[in-house]
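Data block below; observations after.
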Amino acid sequence: MKEYYKINEISKLYGIGADSLRYYEKLGVIKPKRDQNGYRLYGLKDMYKLNLIRDLRSLDFSMSQIREYLEKQSIDNTLSLLKQELELVRLTMEELEEKERCLQKRLAGLHEALSVKPDVMEIIHIPLRKCVQIMEHITRDEEMDFVMKKLHRRHEDKVKDFGNQTVGARFDMERLRQGASNVYDSVFFVLEEDAGLYDFELPEGNYLSYFYKGSYLQNGRRVKEALSWLEEKGLYASGAAFELYAIDNRDTSLEEEFLTEIQIPVSAASSRASKP
Numbered sequence: 001m002k003e004y005y006k007i008n009e010i011s012k013l014y015g016i017g018a019d020s021l022r023y024y025e026k027l028g029v030i031k032p033k034r035d036q037n038g039y040r041l042y043g044l045k046d047m048y049k050l051n052l053i054r055d056l057r058s059l060d061f062s063m064s065q066i067r068e069y070l071e072k073q074s075i076d077n078t079l080s081l082l083k084q085e086l087e088l089v090r091l092t093m094e095e096l097e098e099k100e101r102c103l104q105k106r107l108a109g110l111h112e113a114l115s116v117k118p119d120v121m122e123i124i125h126i127p128l129r130k131c132v133q134i135m136e137h138i139t140r141d142e143e144m145d146f147v148m149k150k151l152h153r154r155h156e157d158k159v160k161d162f163g164n165q166t167v168g169a170r171f172d173m174e175r176l177r178q179g180a181s182n183v184y185d186s187v188f189f190v191l192e193e194d195a196g197l198y199d200f201e202l203p204e205g206n207y208l209s210y211f212y213k214g215s216y217l218q219n220g221r222r223v224k225e226a227l228s229w230l231e232e233k234g235l236y237a238s239g240a241a242f243e244l245y246a247i248d249n250r251d252t253s254l255e256e257e258f259l260t261e262i263q264i265p266v267s268a269a270s271s272r273a274s275k276p
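Per UniProt numbering: the sequence shown = residues 1 to 276.
Structure (structure tokens):
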């Protein structure tokens, strides 16, 4: 076995770029010898350090931490380092488990959305929902994406996984009555139950639920259809209509695959008549 190896041999053996090896030398972590032509020569004693560096870098230890350890390598320091490694592994496993939960939740949500029958109106009972919102007048899809991002930035502490976040928008009902479509006066996120502070509540109660597929430009017509259906059933809207985005541009770039749910809070016509 050779006692010394050149930089290209070490680079190939360890899968470490020559630039990284020069950087380690600059930090003083490894100190190769030089031959008579000035070429770096790495000895067998350098190799155990490279093994350690590779292992510790894979656990996201900084080069300054690694240098400090190699300068003061001892049983006590090794025990301390192993404990740090175990803690990093534990934290990494927790992060991966959380990512797995998010992916499973998103898969389940998409499968549920794909099982929905669009163009069917029904009355459903929904528990109280806490929400955060941003008040913005929106008339274009591009504006909607920008406002969603603003809201997300404002509440990043509550919304860790935007891909799974339930997003909604309240219609500008006056503009819809005038014949407009795709116009809104606010965007909101429905929060998890334990999210803490919130801006408003969607109260527990009965809601008309109406899914449609495709372009948002049809939502003005869809809301009018829903309001007419309520009237036929002897019901009335007790609040503004809003949309929830079951499948949107977070999931697909194909507009025909978009799936949107219109919800309208409802009460019986008799309840309306009894109010002063």
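Glycine is no exception: its CB is placed at the ideal position from the N, C-alpha and C atoms.
Quantities reported herein were computed from a predicted structural model and do not represent experimental measurements.
Beta-bridge pairing by DSSP links Leu-21 to no other residue.
Bridge pairing for Leu-235: Ala-268 [DSSP]. Within a 10 Å sphere around the beta-carbon of Val-120 sit fewer than 16 other beta-carbons, which makes this residue exposed. In this structure, Pro-265 sits away from Glu-204, with a CB-CB distance that is not shorter than 7 Å. Between Val-187 and Leu-244 the beta-carbon gap is near 11 Å, outside 8 Å, which marks them as no contact. Distance from the CA of Leu-50 to the CA of Leu-96, rounded to the nearest whole angstrom, comes to 28 Å. Contact between Lys-158 and Gly-196 holds, since their C-beta atoms are separated by about 7 Å, short of 8 Å. Segment contact: the region 218-226 against the region 162-180, three or more CB-CB distances shorter than 8 Å; contact assigned. According to the DSSP assignment, Arg-40 belongs to the beta strand (DSSP E) that extends over 40-43. Between Ala-226 and Leu-202, the C-beta spacing is not below 7 Å.
In the displayed model, Glu-122 falls within a strand according to three-state DSSP. Judged by their CB atoms, Asp-185 and Asp-194 are not nearer to each other than the 7 Å cut-off.
Boundaries of the beta strand (DSSP E) harbouring Asp-185: 184-190, taken from the DSSP string. Judged by DSSP in its simplified three-state form, Phe-258 adopts coil rather than helix or strand.
Between Leu-191 and Cys-131 the beta-carbon gap is near 6 Å, inside 8 Å, which marks them as a contact.
Exclusion of the five residues before and after Ser-215 leaves Glu-255 as the residues of its chain whose Cβ lies within less than 7 Å of its Cβ. Gly-220 carries a helical assignment under DSSP once its states are collapsed to helix, strand and coil.
According to DSSP, Lys-130 shares a beta bridge with Glu-201. The three-state secondary structure of Ser-209, taken from DSSP, is strand. For Val-167, the pairing in a beta bridge is given by DSSP as Phe-189. Around the C-beta of Leu-86, fewer than 16 other C-beta atoms lie within 10 Å, and the residue is accordingly described as exposed. By DSSP's assignment, Ile-138 forms a beta bridge with Tyr-184. DSSP lists Ser-209 and Phe-242 as the beta-bridge partner residues of Gln-263. Remark: C-beta atoms of Thr-139 and Val-183 approach each other more closely than 7 Å.
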